[in-house]
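Student: One structure, as structure tokens, below. Some questions next.
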Amino acid sequence: MGRAFVYVILGGGVAAGYAALEFSKRGISHGELCIISEEPVVPYERPALSKGFLLPEGIFISNWNMKNALKSARGISRNEKGDVKLPSGLIAPARLPSFHTCVGANEERLTPRWYRDNGIELVLGTRVKSVDVRRQTLLTATGETISYKILIIATGARALKLEEFGVSGSDAKNVCYLRDLADATRLVDVMQSCVGGNAVVIGGGYIGMECAASLVINKINVTMVFPEAHCIHGYWVGGIPKAEGIQGFDYSPQSTVHSPRLWTGIYSVMSRERNASGTVARLFTPKIATFYEDYYNSKGVKFIKGTVLSSFENDSNGKVTTVILRDGTRLPTDMVVVGIGIRPNTSLFEGQLTLEKGGIKVNGHMQTSNSSVYAVGDVASFPVKLFGETRRLEHVDSSRKTARHAVTAIMAPDKTGDFDYLPFFYSRVFTLSWQFYGDNVGEAILYGDFSGGTFGAYWVSKGQLVGSFLEGGTKEEYEAIAKVTKLRPVVENTGELERQGLGFALSLSQQPAPSTPVEISNFDLVLERPSYSWHAAAGVVVAASVAMFAYWYGTRRRRW
């Protein structure tokens, strides 16, 4: 016996929440939609896990700090003199239900009650052991069969873990990852037990950099280890890992530290990645990367580059006490955070659907090689019209938008065009905030104030602007670089482009776009839908509070 639904979403991440909301807007009937997720909670905004969720309890923010941190912010309340007027007070760390989807896009918050009220069946804390796309059925680990007419695959990706490569002692309780709510909860618990102690972060990508900032805010001394000359903060063009790659630990075949099983596993993964795409696209040029590294240094973060993790030493309780690097360096530590990449969850569909670029290949309607199956989010490899190629992009923005587009295509296929997406990445740490749009290929043209103000870069390939990056911009400035990247203007004089800098985007963005305007999500830290102006400012306050708290602790590191 089993249950039957018209629509089934497999996976409970960001994409599932946005797909559910879109189905609701389109007027599906009660009982038609089911969401199946291994996680025991309804979908939530994952960016909160590496930001607000990791804040320590009881951060106090003063008006003076707010004025200095937000002096260039726009779109928030000011008096007649232009001064920011914000209250003092304590900022609490983010906890559910505050960041359930879809607050990241200023939509309503989908709590468990919302799903009940909308007649959406939730099958939570449940693993699907097999899928038969021909018979249109799923079999859960509990033995239940669930059938569907339309399946949306939103299985996302999982964090690569050291133990799957045979690294001895890597299953210790003080070795942490960050991918889901359980990971974040464990990381918070470990951080709270290590205040004043030492942490080693393995990997220099998104997760590594954002976790390092949170560790500093929690009064923990941080050392980052990665093999490159600079922090990557890049993305994998169509392949398996975006920001980190398989990095930060020893995969040299000459090493005698690890077992043959480790090398077999690592090279198997590395081979698949090379076949899937080829190379890591470095989002940061050396000059941009150096700026961020210097800033992290000013907060007390130490970088060890050009080497990797070789092994751990554990105490009698199994806790990691020392990280040993390939160059022989020994790092005493109280905890380890690992960010070495992720792998899309495609195993249920291998041999049934077409795979490409490490994910499930879809068309412009997010439809797979089986007409009754769609794929969205991190697991989907979709055509990027702007660049004329298929890519798999790992970012919350593409997860939200592919989910919405898939539902639109399912409900109104004849009225839905092909997905037209502008690749977008962003990060916020300490007082820093950057956004990137497009592609980072060709010549990088840098501009602006690298001493701590607003600066950025354009990428020019074959005479056209194809990518834009900006640190420290306003909402209007970020919108401008997004629009100019979408326009892909011809650039005949790169020297003039460098001279104009941000002004080039601001002036050219006044021209009409050739297609649907890009949807911009600038304040993903807002944890409540802003019904009033002060709600909108709340997200900015949280981001700035992190910054100022980090600065306050950074000036007192010698007392730790």
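Just so it is clear: in the sequence shown, position 16 is 16 by UniProt numbering, and no numbers are missing. Glycine included, each C-beta is placed from N, C-alpha and C at the ideal position.
Give the single residue among 212, 362, 334 and 316 whose Cα lies nearest to the Cα of residue 295.
Tutor: For the purposes of this step, residue 295 is taken as the residue at position 295 of the sequence shown. Considering only alpha carbons, the answer is 212.
Student: Nearest-angstrom Cα distance between residue 329 and residue 312?
Tutor: Translated into the one-based positions of the sequence shown, residue 329 becomes position 329. Translated into the one-based positions of the sequence shown, residue 312 becomes position 312. If you draw a straight line from the Cα of residue 329 to the Cα of residue 312, it comes to about 12 angstroms.
Student: Could you tell me which residues DSSP pairs with residue 100 in its beta bridges?
Tutor: Locating residue 100 in the sequence shown gives position 100, where the first residue counts as 1. 44.
Student: Determine, using beta-carbon pairs with one atom in the segment 115-123 and one in the segment 411-427, whether at least three such pairs fall under 8 angstroms.
Tutor: no
Student: Using only CA atoms, which one of 38, 214, 443 and 180 lies nearest to residue 467?
Tutor: Position 467 of the sequence shown, counted from the start, is the residue given in the question as residue 467. Answer by Cα proximity: 443.
Student: List the endpoints of the continuous beta strand (DSSP E) containing residue 109.
Tutor: As a working note, residue 109 is residue 109 in the sequence shown. First-last for residue 109: undefined, no H or E at that position.
Student: On the DSSP bridge list, what partners appear for residue 302?
Tutor: The sequence position of residue 302 within the sequence shown is 302, counting from 1. Answer is 223.
Student: Are there 16 or more other CB atoms within 10 angstroms of the CB of residue 317, so buried, or fewer, so exposed?
Tutor: In the sequence shown, counting from the first residue as 1, residue 317 sits at position 317. The residue is exposed, with fewer than 16 neighbouring Cβ atoms inside 10 Å.
Student: May I have a chain-ordered list of the beta strand (DSSP E) segments no shorter than 3 residues that lie completely inside the segment 161-195?
Tutor: none
Student: Applying the criterion that 16 or more other CB atoms from any shown protein chain within 10 Å of the CB defines a buried residue, is residue 18 buried or exposed?
Tutor: In the sequence shown, the residue the question calls residue 18 occupies position 18. Buried, by the Cβ-count rule.
Student: Take the Cβ of residue 192 as the centre, count every other Cβ of all protein chains shown within 10 Å, and call the residue buried at 16 or more, exposed below.
Tutor: Within the sequence shown, residue 192 is the residue found at index 192, counting from 1. Classification for residue 192: exposed.
Student: Under the DSSP definition of a beta bridge, which residues are partnered with residue 451?
Tutor: One-based indexing of the sequence shown puts residue 451 at position 451. Answer is none; residue 451 lacks a bridge partner.
Student: Kindly indicate which three-state DSSP category residue 310 falls into: helix, strand or coil?
Tutor: Taking the first residue of the sequence shown as position 1, residue 310 is located at position 310. Reduced to three states, the DSSP call for residue 310 is strand.
Student: Please check the pair residue 188 and residue 10, which I expect to be a contact at CB under 8 angstroms, by giving their CB distance rounded to whole angstroms.
Tutor: If you number the sequence shown from 1, residue 188 lands on position 188. If you number the sequence shown from 1, residue 10 lands on position 10. Between residue 188 and residue 10, the beta carbon gap of about 29 angstroms keeps them out of contact (Cβ cut-off 8 angstroms).
Student: If you follow the alpha helix (DSSP H) that residue 430 is part of, which residue opens it and which one closes it?
Tutor: Here residue 430 is taken as the residue at index 430 of the sequence shown, counted from 1. Per DSSP, residue 430 lies in no alpha helix (DSSP H) segment and is marked neither H nor E.
Student: Does the segment 282-289 touch the segment 443-455, meaning 3 or more C-beta pairs lie closer than 8 angstroms?
Tutor: yes
Student: Relative to the alpha-carbon of residue 15, which residue among 219, 485 and 378 has its alpha-carbon at the smallest distance?
Tutor: The count along the sequence shown starts at 1 and reaches residue 15 at position 15. Closest by alpha carbon: 378.
Student: Starting from residue 361, follow the alpha helix (DSSP H) in both directions and report where the run begins and ends.
Tutor: The count along the sequence shown starts at 1 and reaches residue 361 at position 361. Run containing residue 361: none in the alpha helix (DSSP H); it sits in the beta strand (DSSP E), 359-361.
Student: Where does residue 332 fall in DSSP's three states?
Tutor: Indexing the sequence shown from 1 puts residue 332 at position 332. It is a strand residue.
Student: How is residue 37 classed by DSSP in three states: helix, strand or coil?
Tutor: Within the sequence shown, the letter at position 37 stands for residue 37. Here residue 37 sits in coil by DSSP.
Student: Alpha carbon to alpha carbon, what distance is there between residue 108 and residue 465?
Tutor: Residue 465 sits at position 465 when you count from the first residue of the sequence shown. Residue 108 sits at position 108 when you count from the first residue of the sequence shown. Taking the straight line joining both Cα atoms gives about 36 angstroms.
Student: Going by beta carbon distance, what residues of the same chain come within less than 7 angstroms of residue 81, once the five residues before and after it are set aside?
Tutor: Walking along the sequence shown from the start, residue 81 turns up at place 81. Residue placement at residue 81 cannot be trusted, given a pLDDT of 41 that sits under 50; what the coordinates show is reported in the next sentence. So no residue of the chain qualifies.
Student: Counting pairs of beta carbons, one from the segment 338-349 and one from the segment 361-379, are three or more of them closer than 8 angstroms?
Tutor: yes
Student: Mind checking who residue 286 pairs with in its DSSP beta bridge?
Tutor: Locating residue 286 in the sequence shown gives position 286, where the first residue counts as 1. Answer by DSSP bridge pairing: none, since residue 286 is not bridged.
Student: I'd like the span of the beta strand (DSSP E) that includes residue 137, first residue to last.
Tutor: Taking the first residue of the sequence shown as position 1, residue 137 is located at position 137. Unbroken beta strand (DSSP E) run through residue 137: 137-140.
Student: Ends of the beta strand (DSSP E) at residue 157?
Tutor: As a working note, residue 157 is residue 157 in the sequence shown. First-last of the beta strand (DSSP E) with residue 157: 157-159.
Student: When we look at the beta-carbon of residue 499 and count the other beta-carbons within 10 Å, is it buried (16 or more) or exposed?
Tutor: Counting from one through the sequence shown, the residue named residue 499 turns up at place 499. With fewer than 16 Cβ atoms within 10 Å of its Cβ, residue 499 is classed as exposed.
Student: Anyone know if the C-beta pair for residue 343 and residue 186 falls short of 7 angstroms?
Tutor: Against the sequence shown, residue 343 aligns to sequence position 343. Against the sequence shown, residue 186 aligns to sequence position 186. No, they are not a contact pair.
Student: Can you check which of these residues, 106, 400, 509 and 501, is closest to residue 484 by C-alpha distance?
Tutor: Indexing the sequence shown from 1 puts residue 484 at position 484. Of the candidates 106, 400, 509 and 501, the one whose C-alpha sits nearest the C-alpha of residue 484 is 509.
Student: Enumerate in chain order the residues of its own chain whose CB-to-CB distance from residue 471 is below 6 angstroms, with the five nearest sequence positions on each side excluded.
Tutor: To locate residue 471, count along the sequence shown from 1; it is residue 471. Result list for residue 471: 434 and 455, in chain order.
Student: Can you check DSSP and say which residues form a bridge with residue 502?
Tutor: Working through the sequence shown from its first residue, we reach residue 502 at position 502. Beta-bridge pairing links residue 502 to no other residue.
Student: Compute the Euclidean distance between the alpha carbons of residue 393 and residue 428, then round it to the nearest angstrom.
Tutor: Here residue 393 refers to the residue found at position 393 when the sequence shown is read from its first residue. Here residue 428 refers to the residue found at position 428 when the sequence shown is read from its first residue. Roughly 19 angstroms between the two C-alpha positions.
Student: Name the two residues that bound the continuous alpha helix (DSSP H) containing residue 18.
Tutor: Walking along the sequence shown from the start, residue 18 turns up at place 18. 14-25 is the extent of the alpha helix (DSSP H) around residue 18.
Student: Would you grab the beta carbon distance between residue 425 and residue 436 for me? Rounded to a whole angstrom, and I think it's under 8 angstroms.
Tutor: Position 425 of the sequence shown, counted from the start, is the residue given in the question as residue 425. Position 436 of the sequence shown, counted from the start, is the residue given in the question as residue 436. With a Cβ gap of about 5 angstroms, residue 425 and residue 436 count as contacting.
Student: Have a look at residue 203 and residue 190 and give me their C-alpha separation to the nearest angstrom.
Tutor: As a working mapping, residue 203 is identified with position 203 in the sequence shown. As a working mapping, residue 190 is identified with position 190 in the sequence shown. Spanning the two alpha carbons is a distance of roughly 19 angstroms.
Student: Name the two residues that bound the continuous alpha helix (DSSP H) containing residue 588.
Tutor: The question about residue 588 has no answer here: the residues shown for the chain are numbered 1 through 560.
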